[in-house]
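Residue numbers (my numbering), protein chains in the order written: chain D, -3 to 432; chain F, 26 to 291; chain Z, 21 to 434. What follows is a set of notes on a single structure, which appears directly below.
Dropping the structure here:
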């Protein structure tokens, strides 16, 4: 090689042991760096996987319910001794005793008061309500004996699902040997069943984990998001139009611009305090109502929508504007006939992403009293309500073991909604994406 | 010697070729940018690559130090021999290759660091200097060779991006020289410069010819005629004509070359 | 007269005005041979609607504002205003507006100017709402904060080491309801933020570097959206995860290796918060690294630098201001984060730098003080607003610095 060219003298220096060692070292550090990057991504993905698996693992059983079937005698003298069939009388009757009778009939050998109390706790405390509802809907039942499927109490439910193992010492176990014996007896007769937990999706909150549901929170979330959308979408789009198409470049618009960017980064809890001070203490709107939550979240979502809408409007090329103006359209006609329709897909995508943030938001709603314990399903935007994330927060705070499962179940539902919304946003973007 | 045996192409000129490209094709994804280009680069001469924009001359240049590796979806076929060894061989270290085959880009691209650090960057990463004095020496010699030392001697620590366009480009050349390459690739080095700065850079390139092999891509035929000894004319991803600069410009064999150099297209 | 019938009547009037105005314009245009109309018939209809609706709406807003601002008038007078004065005034302006605008319809009338003026007005109004939101935040916090500092001296709040708003320590205690030294809260917030940053900055930055400088298109297209799922998960979910899984895990690990870790440790909250912030840092840094011009990379590769040398010695120094901005934004995010700490950190204000113990943060205390029944002017409730004011100011400063830095950075490479 030395005879190749005079320049090879410098090439020779690349062949020395020293440079070779140096090169080796450099390549090693290159490899290390690369592995470091991959490791970072791997760790982040692992954390995500742990989060999802742990929640799915805890929450999957929330969609299954343990039931105990009992033969209930709807004795007339207990429900409606006078035979009036008056709604008030039917409502006021003691259905608890019917449940107790049914259990006693199943286990005639249980006599002591203490044991009886434990026995009655096999089924949910919500069982009398279920009977009341049945009778009020269908008074014909009075006088008959019918097999009714009751939700098992939370402890029995947990036991069935294996969260309370049989093989730990009795003292460390919430379900005692006696209960297990009764349970086995019932199971042998085929009276214990597990089925899809439709109650979880159709009922409101409850102190009893086995009959607590998320429907109330879902409806509350819906009303809240509806208000948020009705306020933040039009206002956000109009702001974006003004700032992009009409605003003169001056101090005021500069301030608006900086202000919007800052507002987007203000902690959400501060918006909660704004809502508390403005909507509750000054405007005296009802506490815990979706309308207040919606207004608060609307102010919070506004910057997101404005920023997305502006980007989307800015992406429309000037040739479109020139074409419209060249035909004699006014600036407003140009905007409302051409620019706005063309930028709508992008605006909608931004809006959905903003709303999905609002759907997952909890902290500001705590400030305006949406943390109340509310059993009823809200019927409008001014009824007291809670929302899905707040429901999760409330349940996460509850001591009962069974609420862990409910919380995780509610999280799965919430994540399901979010995935759906984001999928719609991605689809919109894909479908209407246009390269100018 | 065995390497020389591999070089079996009948060399049209009597000089030794330091680089010889054989049937080089380049694809970006599905798009073919170069089609079976073969070219011999003579040692210690200036070879210029000319042609209309998009003809593949820059692509070819970037193959010579494997800069195309950094472009995703880029595929190179054929052989490029440097001193008889294929640079696309799996065993070749592209880091080392790029140290031997330096490059100067179209737009001056000094790092946002001081002038000194810009020039010292190469020697530092390659470990060419063992102490501060040696490094100083390399930096000063490189700046001297690039004809920049006089202008910047008293502000070596000010930022490189503060220089004028022509000075920035000479700084980039000094930066390339500091790694002590054998070959310097120049991708339209004067296209972003004004005529006076261009003249200075051209002067510099001619001086460098004594010690380096230079390949320059240019869209200016005058520049190619002024400074290069060999010229290759690219058109639509192929080499149409290659030869001594003087001969190519005075009596082109191909009518497309003639059309281009007389300004009928391009 | 109440709200909704009034609005219904107004709507009906406007509908009539629109129909009649449009018809009148049509008739007029047909009766002439030359079309000299400056506007389309339906625009005349809209013109009538504007005159019939805008003044009453302004009055309605005024009415609403009056009804929520207490003023010292006698009850009969207030009643008079609300039952007679406003409803009548509103209806009257509506009728007058519709009547005169209908009468003024004429081919010469340039109604489009009026209409576009109204639209412009509405647009400007909409864009000021965000400004009013900021003003609203500042004022709603300011009033209560000032009241708070009338009861508790500034020095106690900013220098005091004791935070126990619930119980009176001694009878002559300022505010007579507890101690309001916020240092433990600031320290706790900083501790958790620090832990979050230790987790998020290296992971987020290294991910961004790998994504931009190493990963192929396919890898990026699959992994980036998956990473961004982390950003879309609601904070209440992270809180639950931190409290039930991570906190318990650290406690168990601690007991195995003989360390005393409480299950509400700052470590658990901080790590989970860091996990939440990873995609925030990685996507911001991703943009910023992408903005470093390709010519700098080419320059470095052209000299024979390896990728890592290019990243460490050229790209990162060039991108540094932008990355610092991104980290500042992330810090502001972490300081303001509420649910994770409410659920996974404690309420007790310990002044400690030990991440294995429980600490509390500013946001936790705001929630703790305001959830449940409140007396509105007790020092306890007011303290929440003072804390929120501090939170707002600090995050505002961080955001402004970050935005300025990032903007400067972008201008440099545009």
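Glycine residues also receive a C-beta, built at the ideal position from the N, C-alpha and C atoms. It should be emphasised that the depicted structure is a prediction, and the values quoted were computed from it without experimental measurement.
Between the alpha carbons of residue i and residue j, how many angstroms are there, rounded?
i	j	result
residue 423/Z	residue 260/D	11 Å
residue 73/Z	residue 296/D	30 Å
residue 43/Z	residue 123/Z	13 Å
residue 435/D	residue 393/D	Chain D is shown from -3 up to 432; residue 435/D falls before or after that span and cannot be answered.
residue 190/Z	residue 150/Z	The predicted position of residue 190/Z is uncertain, since its pLDDT is 48 and thus under 50; a value taken from the coordinates is nonetheless stated next. In a straight line, the C-alpha of residue 190/Z is about 45 Å away from that of residue 150/Z.
residue 397/D	residue 105/D	31 Å
residue 85/Z	residue 138/Z	22 Å
residue 204/D	residue 402/D	11 Å
residue 47/Z	residue 126/Z	11 Å
residue 386/D	residue 107/Z	40 Å
residue 53/F	residue 94/F	11 Å
residue 288/D	residue 276/D	8 Å
residue 121/D	residue 406/D	22 Å
residue 22/D	residue 15/D	10 Å
residue 163/D	residue 173/D	11 Å
residue 83/D	residue 68/D	21 Å
residue 236/Z	residue 224/Z	18 Å
Enumerate in chain order the residues of its own chain whose CB-to-CB distance from residue i is below 7 Å, with the five nearest sequence positions on each side excluded.
i	result
residue 195/Z	Since pLDDT at residue 195/Z reaches only 47, below the 50 mark, its modelled position is unreliable, and the value read off the structure follows with that caveat. These residues qualify, in order along the chain: 171, 172, 399.
residue 64/D	118, 119, 146, 148, 182, 187, 188
residue 36/D	none
Looking at the C-beta of residue i, does it have a partner C-beta in chain Z at a distance below 8 Å?
i	result
residue 246/F	no
residue 88/F	no
residue 238/D	yes
residue 204/F	yes
residue 130/F	yes
residue 356/D	yes
Residue i touches chain Z at which residues, Cβ-Cβ below 8 Å?
i	result
residue 211/F	None at all; the shortest Cβ gap to chain Z is about 11 Å.
Let me make sure I understand the geometry here. Which of the options has the alpha-carbon closest to that of residue i?
i	options	result
residue 349/Z	185/Z, 417/Z, 288/Z, 314/Z	417/Z
residue 234/Z	211/F, 96/F, 123/F, 256/F	96/F
residue 191/D	148/D, 284/D, 226/D	148/D
residue 255/F	269/F, 264/F, 235/F, 64/F	269/F
residue 410/Z	177/Z, 50/Z, 32/Z	177/Z
residue 226/D	395/D, 385/D, 293/D	293/D
residue 229/D	411/D, 74/D, 371/D, 348/D	348/D
residue 255/D	155/Z, 329/Z, 260/Z	155/Z
residue 102/Z	83/Z, 329/Z, 213/Z	83/Z
residue 155/D	171/D, 143/D, 219/D	171/D
residue 235/F	67/F, 59/F, 46/F, 60/F	67/F
residue 143/F	46/F, 55/F, 220/F, 184/F	184/F
residue 136/F	223/Z, 332/Z, 361/Z	332/Z
residue 133/Z	28/D, 311/D, 328/D	328/D
Quick one: which chain F residues come within Cβ less than 8 Å of residue i?
i	result
residue 18/D	151, 152
residue 338/Z	136, 137
Any C-beta of chain D sitting closer than 8 Å to the C-beta of residue i?
i	result
residue 132/Z	yes
residue 150/Z	yes
residue 121/Z	no
Check the Cβ-Cβ distances between residue i and every residue of chain F, and say whether any is below 8 Å.
i	result
residue 272/Z	no
residue 430/Z	no
residue 244/Z	no
residue 225/Z	no
residue 315/Z	yes
Can you pull the chain D neighbours of residue i, defined as C-beta to C-beta under 8 Å?
i	result
residue 118/F	19, 23
residue 412/Z	262, 263, 266
Less than 8 Å between C-beta atoms, sequence neighbours within five positions excluded: which residues of the same chain meet that for residue i?
i	result
residue 60/D	157, 190, 191, 192, 193
residue 149/F	160
Output, in chain order, the set of chain D residues within a Cβ distance shorter than 7 Å of residue i.
i	result
residue 136/Z	326, 328
Against residue i, what residues of chain Z qualify as contacts under a CB-to-CB distance less than 7 Å, listed in chain order?
i	result
residue 200/F	323
Could you pull out every residue in the same chain whose Cβ sits closer than 6 Å to the Cβ of residue i, ignoring the five residues on either side in sequence?
i	result
residue 25/Z	none
What does residue i reach in chain D if we use C-beta pairs closer than 9 Å?
i	result
residue 237/Z	Near residue 237/Z there are no residues of chain D at all, since even the closest Cβ is about 15 Å away, more than 9 Å.
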